[in-house]
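Notes to accompany the following structure.
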Amino acid sequence: MQKLSRAFFQQPTLKVAEALIGKQLIKQHDGETIVGKIVETEAYIGPEDRAAHTYGGRRTKRNETMFGEAGHAYVYIIYGIHHCINCVTVGPNAPEGVLLRAVEPIAGLESMAQRRFQRSYEMLTTAQRRQLTNGPGKLGQAFGITRDKYNGHDLQSESLYISDGDDAAISVATSPRVGIDASGEAKHYPWRFFAKDHAYVSKRPKAKAD
DNA sequence: CATCGGATGTTCT
DNA sequence: GAACATCCGATGT
Numbered sequence: 001m002q003k004l005s006r007a008f009f010q011q012p013t014l015k016v017a018e019a020l021i022g023k024q025l026i027k028q029h030d031g032e033t034i035v036g037k038i039v040e041t042e043a044y045i046g047p048e049d050r051a052a053h054t055y056g057g058r059r060t061k062r063n064e065t066m067f068g069e070a071g072h073a074y075v076y077i078i079y080g081i082h083h084c085i086n087c088v089t090v091g092p093n094a095p096e097g098v099l100l101r102a103v104e105p106i107a108g109l110e111s112m113a114q115r116r117f118q119r120s121y122e123m124l125t126t127a128q129r130r131q132l133t134n135g136p137g138k139l140g141q142a143f144g145i146t147r148d149k150y151n152g153h154d155l156q157s158e159s160l161y162i163s164d165g166d167d168a169a170i171s172v173a174t175s176p177r178v179g180i181d182a183s184g185e186a187k188h189y190p191w192r193f194f195a196k197d198h199a200y201v202s203k204r205p206k207a208k209a210d
């Protein structure tokens, strides 16, 4: 497994969002390793994207990390409770990034279970196991990724990074993004990427009507 | 399985 | 004071 280079994150945001499907998110802390395979992402493309925190070039204390170098983590709190993690893309002063929306648990299941449900993995119901990491707030909680510790974190470090995975067999599908109904025309952009038919994707796409 | 509403607190107007 | 890139439990089918 090879850690993804900074050059990977400097590519166009839509390309990074798609290429991240199948890669592995890895956190190492206190001798413990947590690994998840990325199965769902969303692109947020700065000034021109009404759904992005940086729409119109808006620069605040919260989103400052998005204006920095590619390959860093932008972590923010949503609805007062949930911590969500993004990868900053492109380059300085291009406030774009990719939200990690869901992963498949690969290693560190025991600590994920403790953080999510305060009980050991073998005590979890099948529903709880499915819901360990199938959403942006859920994977943030399962990995213990908080804004205080990880916002602005360099993903080239050993403690939190993304590595190559065996993504050859994965078929990537797209859809509109989730949870951005108030964002005008931007809500229709097909900037959500996910592994087709994967059990840990946060929502199933609606059945085709036509 | 689908839908609905409350939780919770930070951010920005 | 309102909005918010969400989650969970309750309720009805």
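Just so you know, we're using the UniProt record's numbering here: the first sequence kicks off at 1 and counts up by one. Note that the Cβ used here is the ideal one computed from N, Cα and C, for glycine as well.
Where L155 sits in the DSSP three-state scheme: The count along the first sequence starts at 1 and reaches residue 155 at position 155. Coil.
Three-state secondary structure (DSSP) of R192: On the first sequence, residue 192 is found 192 positions in, with the first residue counted as 1. DSSP places R192 in strand when its eight states are reduced to three.
First through last residue of the beta strand (DSSP E) which encompasses R101: Numbered from its first residue, the first sequence carries residue 101 at position 101. DSSP places R101 in the uninterrupted beta strand (DSSP E) bounded by E96 to A107.
N- and C-terminal bounds of the beta strand (DSSP E) containing G137: As a first step, residue 137 is located in the first sequence; it is residue number 137 there, counting from the start. No beta strand (DSSP E) contains G137, which is instead part of the alpha helix (DSSP H) from P136 to F143.
Within the segment 9-74, ranges of the beta strand (DSSP E) (whole runs, at least 3 residues): 24-29 and 32-45
Y121 to P47 span [Cα, whole Å]: The residue labelled residue 121 in the question sits at position 121 within the first sequence. The residue labelled residue 47 in the question sits at position 47 within the first sequence. The straight-line gap from Cα to Cα measures roughly 43 Å.
Straight-line gap, Q10 to L4 (C-alpha atoms, nearest Å): Reading the first sequence from its first residue, position 10 is the one you call residue 10. Reading the first sequence from its first residue, position 4 is the one you call residue 4. Distance between the alpha carbons of Q10 and L4 is about 11 Å.
Under the three-state DSSP convention, the category Y121 falls into: Within the first sequence, the letter at position 121 stands for residue 121. Here Y121 sits in helix by DSSP.
T133, DSSP secondary structure in three states: Here residue 133 refers to the residue found at position 133 when the first sequence is read from its first residue. Here T133 sits in coil by DSSP.
Reference E18; option with closest CA among L160, K149, P190 and S202: Along the first sequence, one-based indexing puts residue 18 at 18. Ranked by Cα distance from E18, the first of L160, K149, P190 and S202 is P190.
Residues of its chain near K23, where Cβ-Cβ distance is below 8 Å and the 5 sequence neighbours each way are ignored: In the first sequence, the residue the question calls residue 23 occupies position 23. Same-chain partners within the cutoff: L4, K37, I38, I162, S163, D164, G165 and D167.
Residue range of the unbroken beta strand (DSSP E) whose run includes Y161: Counted from its first residue, the first sequence places residue 161 at position 161. Taken as a continuous stretch (DSSP letters only), the beta strand (DSSP E) holding Y161 covers L160 to S163.
Top-ranked residue by Cα proximity to N134, from I170, H29 and C84: Within the first sequence, residue 134 is the residue found at index 134, counting from 1. Closest option to N134, Cα to Cα, is C84.
Candidates Q118, S111, E40 and Q156, of which the one nearest A102 by Cα: Translated into the one-based positions of the first sequence, residue 102 becomes position 102. Nearest in C-alpha terms to A102, of all of Q118, S111, E40 and Q156, is E40.
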